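Below is one structure, written out as structure tokens; the observations come after it.
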Amino acid sequence: MIYFQVLANGLVLGGLYACIAAGFSLVWGVLNVINILHGTFIVLGSYIALFSYNFLGIHPFISVITAGALLYLIGHLVQSSLINRVIAAPVLMTLTLTFGLDLLLNNLMLVAFKADYRKLVLDNPLGRLELGPIFMPLDRIAAMGLALLLTFLLHRLLRDSRIGRAIIAVRMDREAASLMGVNVSRINAITFGLGAMMAGAAGSLLSIVYPISPLNSGMFLGKAFVICVLGGLGSVPGAIVGGLALGVIESFGAIWFGPEHAVTISFTLLILILIFRPAGLMGKRGFE
Amino acid sequence: MSTSAAKLHAQNLQAAYGDVQVLWDVSLTVNRGEMVCIVGSNGAGKSTFLRCASGLLGITGGQLLVDGEDMAGALPDAFLRRKIAHVPEGRRLFRAMSVRDNLLMGAYLRHDKAQIRQDLEHVYEIFPILAERRDQYGGTLSGGEQQMCAIGRGIMSRPELLMIDELSLGLAPRAVELLIIALQTIRKSGTAILLIEQDVMTALELTERAYVLDRGRVVKAGVSAVMADDPAIRDAYMGQL
Chain P
1 MIYFQVLANG LVLGGLYACI AAGFSLVWGV LNVINILHGT FIVLGSYIAL FSYNFLGIHP
61 FISVITAGAL LYLIGHLVQS SLINRVIAAP VLMTLTLTFG LDLLLNNLML VAFKADYRKL
121 VLDNPLGRLE LGPIFMPLDR IAAMGLALLL TFLLHRLLRD SRIGRAIIAV RMDREAASLM
181 GVNVSRINAI TFGLGAMMAG AAGSLLSIVY PISPLNSGMF LGKAFVICVL GGLGSVPGAI
241 VGGLALGVIE SFGAIWFGPE HAVTISFTLL ILILIFRPAG LMGKRGFE
Chain C
289 MSTSAAKLHA QNLQAAYGDV QVLWDVSLTV NRGEMVCIVG SNGAGKSTFL RCASGLLGIT
349 GGQLLVDGED MAGALPDAFL RRKIAHVPEG RRLFRAMSVR DNLLMGAYLR HDKAQIRQDL
409 EHVYEIFPIL AERRDQYGGT LSGGEQQMCA IGRGIMSRPE LLMIDELSLG LAPRAVELLI
469 IALQTIRKSG TAILLIEQDV MTALELTERA YVLDRGRVVK AGVSAVMADD PAIRDAYMGQ
529 L
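If you're matching them up, the sequences are chains P and C in order.
All residue numbers for the first sequence refer to this note's numbering, where the first residue is 1 and numbers rise by one.
All residue numbers for the second sequence refer to this note's numbering, where the first residue is 289 and numbers rise by one.
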């Protein structure tokens with residue numbers, strides 16, 4: 001049964017997609033900023049994992065922490081020094097700003113790292129799982145597990161912590177949040193930092209699955225976008241559902257129509273969802 | 289009145305939205321533990337005054353003192369730290385957040401976890417319906433319950449002055465009665481209250497002192513009970529009764 005294999009591939013991919021989309025969705029939902037930088041942040045996370053492995057022998061699963069922390073700092077800085085200045089402006093203004101920053105950062109990476117596709121090859125892979133008809137490298141399963149774990153942790157952070165409540169309060173009513181004593185600019189910076197952190201962590205995990213190049217940033221951004229629309233904006237469970245759905249759809253699409261049509265399929269899906277279920281599959285406007 | 293007793297004192301306060309000046313030379317005092325109301329027609333500047341007194345809107349002239357200290361340029365968190373809480377017009381609950389989380393947002397600047405938990409129970413005592421609805425989203429409450437939640441959220445910051453913008457607007461009479469009883473309870477614990485209320489009779493009955501605001505200026509100030517008998521006030525604001 002090839003379909004089980006395809007389904008398993010799709011779910012593994014989808015777990016990583018959820019992680020890609022969660023941060024993007026958070027930033028979009030809370031700050032109303034469509035962060036074009038997100039794809040480049042992911043690629044930067046992959047490079048951190050690649051160099052850490054090649055030069056320092058640090059496993060990509062450990063680099064999740066350093067890449068996440070580093071990207072958090074970059075995100076925090078970008079928001080507090082630049083985006084906060086135009087945060088009240090219409091969404092097109094912040095989109096243009098992040099687009100410009102993305103051109104800058106992405107081209108810097110092209111200069112520094114070249115456009116060549118590089119691959120992170122693990123010296124000691126974990127082996128593979130054979131479950132009836134399904135074959136799956138254990139590294140990929142672990143990467144998916146970690147991605148889902150991180151996404152779940154983000155969800156808990158938003159639900160159960162004081163900072164999380166403040167982030168959600170800012171999303172719902174900035175002025176009322178500031179009446180509670182919330183420093184909205186600071187929460188903006190933390191939120192953007194968390195979004196970048198998720199991108200960096202996802203990038204680290206993706207480094208063992210995808211070839212690494214600055215040219216990939218557009219593809220990751222496109223996926224994040226589709227998943228947000230699929231799952232509904234600003235909801236972490238939505239990102240998980242949307243991510244898994246896109247992973248499975250792409251996998252089946254690849255065997256039915258050919259892998260070259262993966263992007264065609266996801267954007268066709270995007271258009272269909274926008275026509276028929278503009279609030280997303282989860283269909284809720286609230287935040288979780 | 290001595291300045292030391294004043295929790296909030298505005299002297300010749302001016303405020304504007306852009307180029308449009310809204311408040312002119314407003315002088316107003318709320319003493320510790322006192323219950324004061326501001327009455328006046330729509331657009332008189334009542335809400336604008338509260339926005340200044342909670343740091344949402346910067347003042348363009350005059351002085352705003354809290355505990356005798358100048359608050360020029362201070363942001364809402366500074367006013368909260370000085371124990372002033374603002375229950376805004378329209379309640380402004382966080383709609384897709386549970387009642388409990390809404391209340392906890394009121395204690396956002398506090399770090400005394402055990403005390404916060406106690407105060408949460410205290411709010412549930414004042415408004416038992418909120419205890420029943422603690423896991424429900426704020427947006428699913430009735431108007432009266434939302435106002436209870438908003439006031440509860442206000443007192444979660446342990447204010448010495450609670451400012452309420454439009455207590456009864458759009459609420460059922462029964463809900464208003466419950467809210468008034470709650471306000472008196474809160475008052476008894478020593479919290480000063482500054483009330484904006486469109487029902488002038490109720491406002492004057494509830495409070496000790498009153499200010500009448502008209503087109504951004506204080507046109508009358510005095511003891512509420514006296515004002516309630518003032519024919520000019522009756523004509524201007526209770527003509528419809």
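Virtual Cβ for every residue (Gly too), placed ideally from N, Cα, C.
These figures come from a predicted structure and were not determined experimentally.
In the three-state scheme derived from DSSP, where H, G and I count as helix and E and B as strand, Asp517 of chain C is classed as coil. DSSP, read as helix, strand or coil, puts Ser386 of chain C in strand.
The distance from the Cβ of Ser204 of chain P to that of Gly45 of chain P is about 5 Å, consistent with a contact at the 8 Å cut-off. Residue burial is scored here from C-beta neighbours: Asp453 of chain C has at least 16 other C-beta atoms within 10 angstroms and is therefore classed as buried. Assignment of Val310 of chain C by DSSP, reduced to helix, strand and coil, places it in the strand class.
Scanning its chain for C-beta atoms nearer than 6 Å, with the 5 sequence neighbours on each side dropped, one finds around Gly350 of chain C the residues Gln299, Asn300, Leu301, Gln302, in chain order. Membership of Asp407 of chain C in the alpha helix (DSSP H) is indicated by the continuous run 401 to 414.
Put simply, the CB of Pro519 of chain C is far from chain P, with every gap to its CB atoms at 8 Å or more.
Residue contact check for Ser178 of chain P against chain C: a CB pair falls below 8 Å. Here the alpha carbons of Val182 of chain P and Leu269 of chain P stand approximately 39 Å from one another. Of all alpha-carbon atoms in P:Leu92, P:Leu179, P:Gly243, P:Ile240, the one lying nearest the alpha-carbon of Arg370 of chain C is that of P:Leu179.
Contacts with chain P (Cβ-Cβ distance below 7 Å) from the stretch 382 to 404 of chain C involve Phe382, Arg383, Ala384, Met385, Asp389, Leu392, Met393, Gly394, Tyr396, Leu397, listed in chain order. Taking a C-beta distance under 8 Å as the contact criterion, Tyr396 of chain C and Arg162 of chain P qualify as a contact pair. Taking a beta-carbon distance threshold of 8 Å, Asp487 of chain C does not count as an interface residue toward chain P. Its chain contains Ala22, Thr151, Leu154, His155, Leu158, Glu288 as the residues whose beta carbon lies nearer than 7 Å to that of Val236 of chain P, once the 5 sequence neighbours on both sides are disregarded; these appear in chain order. For chain P, the residues of the stretch 324 to 349 of chain C that bring a beta carbon within less than 9 Å of one of its beta carbons are Ser342, Gly343, Leu344, in chain order. Three or more Cβ pairs drawn from the stretch 7 to 23 of chain P and the stretch 198 to 213 of chain P lie within less than 8 Å of each other, which places the two stretches in contact.
Nearest CB-CB separation between Arg186 of chain P and chain C: not below the 8 Å threshold. Less than 8 Å divides the Cβ of Arg422 of chain C from the Cβ of Val387 of chain C. Under the three-state reduction of DSSP, Ile167 of chain P is assigned to helix. For the stretch 202 to 272 of chain P, the continuous alpha helix (DSSP H) assignments of 4+ residues that do not extend past its boundaries occur at 217 to 231, 236 to 257, in sequence order. Interface criterion not met: the Cβ of Asp355 of chain C is under 8 Å from no Cβ in chain P. Look at Asp102 of chain P: its C-beta is not under 8 Å from any C-beta on chain C.
Between Ser217 of chain P and Asn106 of chain P, the C-beta gap is smaller than 8 Å, which places the two residues in contact. A straight-line Cα-Cα distance of about 47 Å links Ala470 of chain C and Ile227 of chain P. In chain order, Pro211 place their CB closer than 6 Å to the CB of Lys119 of chain P, counting only its own chain and leaving out the 5 sequence neighbours on each side. Using a Cβ-Cβ cut-off of 8 Å, Pro376 of chain C counts as an interface residue toward chain P, since at least one Cβ of chain P sits closer than that to its own.
From the listed residues C:Gly432, C:Ala480, C:Val507, C:Glu485, the smallest Cα separation to Pro461 of chain C is found for C:Gly432. Using beta-carbon distances, Ile168 of chain P counts as an interface residue toward chain C, with a partner under 8 Å.
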